[in-house]
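**Student:** My questions all concern the structure below.
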Amino acid sequence: MHDLRDLDERGIPGCFVVTTEFEQAARSQSRTLGFEPGIVWVPHPIQNRTAGELEALADEAIDPILAMITAPD
């Protein structure tokens, strides 16, 4: 999240891709930093997924990610 905030301060768009397991931690860190990043939530867990399952997750996440990084300020 620190890197994303740094990019944001430089005017470089980005978003934070987080599994649902870490929603509370991500929101807590966001509040602590005083930074509201664009967040795309993906299902947890990631590590035990097959290549096909990961591809499906990526297919679902790509449109929201692109929308966040191409949205006008």
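Under the working numbering, the first residue of the sequence shown is numbered 1, with each subsequent residue one higher. Virtual Cβ for every residue (Gly too), placed ideally from N, Cα, C. The structure displayed is predicted, hence computed values, not measured ones.
1) Helix, strand or coil: which one does DSSP assign to Thr74?
2) Can you give the Cα-Cα distance for Ala51 and Phe16, rounded to whole angstroms?
3) Cα separation between Glu23 and Pro43?
**Tutor:** Let's see:
1) Any answer about residue 74 is impossible in this case: the structure gives the chain only from 1 up to 73.
2) Approximately 22 Å between the Cα atoms of the pair.
3) Their Cα atoms are separated by approximately 11 Å.
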